[in-house]
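K.L.:
Could you have a look at this structure, given as structure tokens, before my questions?
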Amino acid sequence: MLIRLAGGRVVDPANGRDGIGDVWIRDSRIIEAPVGETPDEVFDVSGKIVMAGAIDIHSHIAGGNVNTARLLLPENHRAHVARPAETPLSTAGWSTFETGCRYAAMGFTTVIEPAVPTHYALHSHLELADVPIIDKGILTVVGEDDFLLTLLREGGNRSAIADYLASALAQTKGLGIKSINPGGSVAFANNARTFDLDDTVPFYGVTSRQLTQALQQGVMDIGIAHPLHLHTNNLGVAGNVDTALRTLQAADGKPLHLAHLQFYAYGKEGKRGFSSGAAQLADAVNKTPNVTIDVGQVMFRQTVTVSCDVVRQYGSIGMAKPRKSVIFEGETVSAGVVPYLYKADNYYNAVQWAAGLELFLLITNPGQVFFTTDHPNGAPYTTYPELFALIMSRDLRNKWLADVPKEALEQTTLPSIEREYSFSEIATMTRVAPAKLLGLMDRGHLTPGALADVAIYDDDPADRARAFRHAHLVFKDGDLVVRDGKVTHYRTGRALTAQPSYDSNIDRRLARYYDAAYGLSRDLFKVPEHTIGLDHAFEEVACQG
Amino acid sequence: MTAYVDGAAVPLEAAAAEAARLLEGARLPLVAGLQTDVAGTRAAILLAERLRGAYDHAASDALLRDVGVLRQAGRMVTTANDVRIRADLVLLIGPRLTRLWPDLADRLALGAPPRLAAEQTARKIFWLGGEPGAAAAIGATEIAASAEQLPQAVAALRAAVAGRKSRLGGALAKNIAELAGHLHAAHFGAFVWSAETLDALTIEALTGLVFDLNLKTRFTNLAFGPAQNAVGVLQTSGWMTGFPIRTGFGRGYPEHDTWRFDANRLVDAGEADAALWISAYGASAPGWRRKVPFVALAAPGTSFPYPPKVSIEIGAPGQDHDAIEWSREITTFTVTPAKAASAAPSVADAVGLISEHLKGNEAC
Ligand SMILES: [Zn+2]
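Respectively, the protein sequence lines represent chains A and B. My numbering applies: residue 153 is where the first sequence begins, and numbers increase by one. My numbering applies: residue 1409 is where the second sequence begins, and numbers increase by one.
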């Protein structure tokens, strides 16, 4: 199948391209314009924006905690418009099927579920297999289990830690490694209600900082592309900008990804002791090129927070709306599901919203700041179109500013910021940089040979959100899956994995440990290579060596 | 032969074709039983949607009692492994727990100190409202309470923990007061129970009690569900439709209603005019009282109250074929390899065949 996308504005910053031209697809790949061949199909996309498919590096779309949130909150997805069901279960609100459809309709072709504990990976993969069209990957959560912490207590043999991490990726079919308030689940089990960077993990004699740094080094040692994906301590607490600054320093010049930084951009200024520290934090990020961040933007609406930061989630129970929460504990990591309503007229929520936008607008390199709402924690991913519009238009921001408390805005720099993202910067932030961060070499750009994941949008300055919600056309692997914002058919996505080699002695040690601690085989927790009932195939991403 | 139409042996294809004819001719086809692995559940829910029918599970009462309290009040929960390695106090609540889960005490290693506790002292183990003698069999201290007393006893425990008085009297009141003292002294306590043997009010009181206890110390629940992947069906339903079982597709999108889509009610009220009964784990027959024509995908040897229109004998998950199932041992999904792989069709196979025979079949 030879396809010509004719006459669109091709925005492909990886190739320094932003101008009118054609893009050619043969089967599943982008190709050079062929000489003397007639395309099987030509799409006139003049007046449209042509980009690679977008990549979301951090969106909680699948797994036990997300499913608990579904069961906890039937009222969040009760009302739904009846449509003829051309594609199975695409009308099911908050279902895995709907997730694939809505992401695809926005031109997203790869989404990473960022919080999969080692013991629950099969559940996450089962759900992801039922997310149609898009490709997915998981980040494997480590840092709380007794085996690893005991390794550290006993001196932290560096190669054993690296082997442990590589083995965790093999067991879970993960793409990267994440840690969440490192040591926090253990601290909570031991009755702690706060847990800071330099607090000691009870019984193990290592601090959260030491644990973080050991994991950061371990991830570098196994040679996967994605650096340690860190959800650091003190999320959501007034004055935690200090924690974020200390975490940036703790990275010690080495690669680190700091997740949903907005939730750490809080000072203690103002009458209410809660202000935006985003400007200071953005400045620090600008001076710390070894660290990438994603924003975790807050948008005003009902949502639910889903997080393995159990210290934080337990602490939020009193603020739950509606007033019901689930705290889930487990032998390797704990979690909480707490519904929350972000309101534009709420002082604190307004500061949070402004702080996120400040991070977007004040971090100068669009390759260092990633586009997320930490779905669903800051807002559901379905708010992405409005968020794109906000960072692309100062006028639109000014309209929104009129609806939030003045008192809150006084504690931010947002009203003074003039920057507007260009399409090229959007493409860098949502295509080029995520592909690079995750090591997906054939994605995020339109270079001949790249995967033919292509999103084509209307260029409508008056309503950017509409254009981003309903892409004009979307191709996945060269297959037209979305036309005028509607999914035309399902196809099966793949799960991307990184599977570095390691010394299998660690597996034998782990097998003995599971026998002794749980009286069970570790194999029970394994995601098998070819699992019956999984509709996705695994695609291994190359390691750096 | 493993497939029958009106009691006569037929080729599998013919049975599937007849099943498709019956189900798609119905005004409101019902998928019920649903005792199957994840692959079978997926196939059955997709079929229910295509048919614009409804689906329910044989163990819905217990599953939805639990979910009902969860979505009222939230919950703190943990895994069996976490209790095993961490809990210094275990309180079992309600009858029949070791009958529902014979290996429970072994799985939680109740006889050994918790591996990760600060002090390696024996666990304190209590059983409130178990059947006589059951506590002693697992080395637990028995706190006798009849089924009728149990809700009151749990309410009294909650009151005692909060320092309030309750109306409970006699020996039970004294035992409850002592128990409250033990709870206060625990570092990491776990309540072990099953919605199969507790009523909703008791579950709600336990949920509240655990939240109360966490104001000072650490407590959580180990709530285990019905066996044979019932919890897995609930979970699969959750991600596929956003809702638990008892969900219907009549309007072209899933609607969840625990009353409207109760399988027995749908049949007995005459609303469902055809049914697909799925029972892969063992001989289990529908309990509805009205006669509705139905297709059975059931274990060989299942005896039905009246004959199914179509019957396909299917293999058992984890026995005849590999299966993904919910494991209460690890409180999540796991792969169960076939113990003796056979050619018997799985539920997913059979539902797939039926789907292929539906009219207007399109490749999705
Ligand atoms: Zn997150």
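Ideal Cβ placement from N, Cα and C applies to all residues, glycine included. From a predicted model like this one, the values you see are computed outputs, not experimental measurements.
Quick check: does the Cβ of A/S459 come within less than 7 Å of any heavy atom belonging to ligand 1?
P.N.:
True, at least one ligand heavy atom lies under 7 Å from that Cβ.
K.L.:
Classify B/E1426 as buried or exposed, calling it buried when 16 or more other Cβ atoms lie within 10 Å of its own Cβ.
P.N.:
With 16 or more Cβ atoms within 10 Å of its Cβ, B/E1426 is classed as buried.
K.L.:
Distance cutoff 8 Å, beta carbons only. Does A/K288 sit that close to anything in chain B?
P.N.:
Not one chain B Cβ lies under 8 Å of A/K288.
K.L.:
May I ask you to check if the CB of A/P613 is nearer than 7 Å to at least one heavy atom of ligand 1?
P.N.:
No, since every heavy atom of ligand 1 falls outside the 7 Å radius drawn around the Cβ of A/P613.
K.L.:
Tell me which residue opens and which closes the beta strand (DSSP E) that B/F1619 is part of.
P.N.:
Not the beta strand (DSSP E): B/F1619 falls in the alpha helix (DSSP H), residues 1608 to 1621.
K.L.:
Hey, would you say the C-beta of A/P266 is under 7 Å away from at least one heavy atom of ligand 1?
P.N.:
Yes, the Cβ of A/P266 comes within 7 Å of a heavy atom of ligand 1.
K.L.:
What does A/I479 touch in chain B if you count any residue whose Cβ is under 7 Å from its own?
P.N.:
Simply M1484.
K.L.:
Check whether the Cβ atoms of A/D610 and A/H624 lie closer than 8 Å to each other.
P.N.:
Result yes, Cβ atoms of A/D610 and A/H624 sit closer than 8 Å.
K.L.:
Shortest alpha-carbon distance to B/T1644 belongs to which of A/L509, A/C253, A/L280, A/M451?
P.N.:
Nearest of A/L509, A/C253, A/L280, A/M451 to B/T1644, Cα basis: A/L280.
K.L.:
Three Cβ pairs or more, each shorter than 8 Å: is that satisfied between the region 261 to 270 of chain A and the region 209 to 219 of chain A?
P.N.:
Judged by Cβ distances under 8 Å, the region 261 to 270 of chain A makes contact with the region 209 to 219 of chain A, as three or more pairs qualify.
K.L.:
Under 8 Å Cβ-Cβ, which residues of chain B neighbour A/R222?
P.N.:
Simply G1646, W1647, G1650, F1651.
K.L.:
Taking 8 Å as the CB-CB cut-off, is A/L278 touching chain B?
P.N.:
Interface residue, yes.
K.L.:
Is A/N342 near ligand 1, with its Cβ less than 7 Å from a heavy atom?
P.N.:
No, the beta carbon of A/N342 sits no closer than 7 Å to any heavy atom of ligand 1.
K.L.:
What would DSSP say about B/E1770, mapped onto helix, strand or coil?
P.N.:
Residue placement at B/E1770 is poorly supported in this model, since its pLDDT is 48, which falls under 50; the coordinates are not used for a value here.
K.L.:
Are B/T1595 and B/A1526 touching if we call contact CB-CB under 8 Å?
P.N.:
Looking at the sequence itself, residue 1595 of chain B is His, so the reference to Thr does not match. Against a cut-off of 8 Å, the Cβ pair of B/A1526 and B/H1595 comes out as a contact.
K.L.:
Residues in the same chain with beta-carbon distance under 7 Å from B/L1508, minus the five sequence neighbours each way, listed in chain order, please.
P.N.:
These residues qualify, in order along the chain: S1602, E1604.
K.L.:
At a CB-CB cut-off below 8 Å, which residues of chain A make contact with B/D1464?
P.N.:
By Cβ distance, chain A contributes nothing, its closest Cβ being about 16 Å from B/D1464, past 8 Å.
K.L.:
In whole angstroms, give me the CA-to-CA distance for A/W552 and A/G289.
P.N.:
Looking at the two C-alpha atoms, the distance is approximately 34 Å.
K.L.:
Taking only three categories from DSSP, how would you classify A/D675?
P.N.:
Reduced to three states, the DSSP call for A/D675 is helix.
K.L.:
For A/A247, report the span of its beta strand (DSSP E) as first-last.
P.N.:
Per the sequence shown, the amino acid found at residue 247 of chain A is Ser instead of Ala. Unbroken run through A/S247: none, as it is neither H nor E.
K.L.:
Just to confirm the assignment, what range does the alpha helix (DSSP H) spanning B/S1468 have?
P.N.:
First-last of the alpha helix (DSSP H) with B/S1468: 1468 to 1481.
K.L.:
Just how far apart, CA to CA, sit A/P236 and B/F1651?
P.N.:
Low confidence applies here, because A/P236 scores a pLDDT of 48, under 50, leaving its location unreliable; read the following figure in that light. Whole-angstrom Cα-Cα distance: 20 Å.
K.L.:
Write down the C-beta distance between A/G295 and A/P354 rounded to the nearest angstrom, noting that I regard them as a contact closer than 8 Å.
P.N.:
Actually they are not in contact, since the Cβ atoms of A/G295 and A/P354 sit about 14 Å apart, beyond 8 Å.
K.L.:
Looking only at C-alpha atoms, which of A/M593, A/K678, A/G671, A/N657 sits nearest to A/E692?
P.N.:
Out of A/M593, A/K678, A/G671, A/N657, A/M593 has the C-alpha closest to the C-alpha of A/E692.
K.L.:
If you follow the alpha helix (DSSP H) that A/T395 is part of, which residue opens it and which one closes it?
P.N.:
393 to 402 is the span of the alpha helix (DSSP H), which, as asked, contains A/T395.
K.L.:
Taking A/I172 and A/P600 to be in contact with their CB atoms under 8 Å, please state how far apart those CB atoms are, rounded to whole angstroms.
P.N.:
So it is not a contact: roughly 18 Å between Cβ atoms.
K.L.:
For A/S673, is the classification buried or exposed, using 16 other Cβ atoms within 10 angstroms of its Cβ as the cut-off for buried?
P.N.:
It is exposed - the Cβ of A/S673 has fewer than 16 other Cβ atoms within 10 Å.
K.L.:
Quick check: what's the CA-CA separation for A/S198 versus A/V175?
P.N.:
If you take the alpha carbons of A/S198 and A/V175, they lie about 12 Å apart.
K.L.:
I'd like to confirm the pairing. Which residues does DSSP put opposite B/Q1443 in its beta bridges?
P.N.:
DSSP output for B/Q1443 lists B/S1687 as bridge partner(s).
K.L.:
Smallest Cα separation from A/T649: which of A/N517, A/L514, A/T292?
P.N.:
Selected option, being the one with the closest Cα: A/T292.
K.L.:
Any C-beta of chain A sitting closer than 8 Å to the C-beta of B/V1446?
P.N.:
Interface residue, yes.
K.L.:
Closest by CA to A/R635, which one among A/I608, A/F452, A/C460?
P.N.:
Nearest of A/I608, A/F452, A/C460 to A/R635, Cα basis: A/I608.
K.L.:
Examine chain B for any beta-carbon lying closer than 8 Å to the beta-carbon of A/D174, and answer yes or no.
P.N.:
Not closer than 8 Å to any Cβ of chain B, the Cβ of A/D174 fails to qualify, so no.
K.L.:
Use the C-beta contact count for B/W1667: other C-beta atoms within 10 angstroms, 16 or more gives buried, fewer gives exposed.
P.N.:
Counting Cβ neighbours within 10 Å, B/W1667 comes out exposed, since fewer than 16 surround it.
K.L.:
Quick one: Cα of B/L1516 to Cα of B/N1629, how far?
P.N.:
So the alpha carbons of these two residues sit roughly 13 Å apart.
K.L.:
With 16 as the cutoff for other CB atoms within 10 Å, does A/N309 come out buried or exposed?
P.N.:
It is exposed - the Cβ of A/N309 has fewer than 16 other Cβ atoms within 10 Å.
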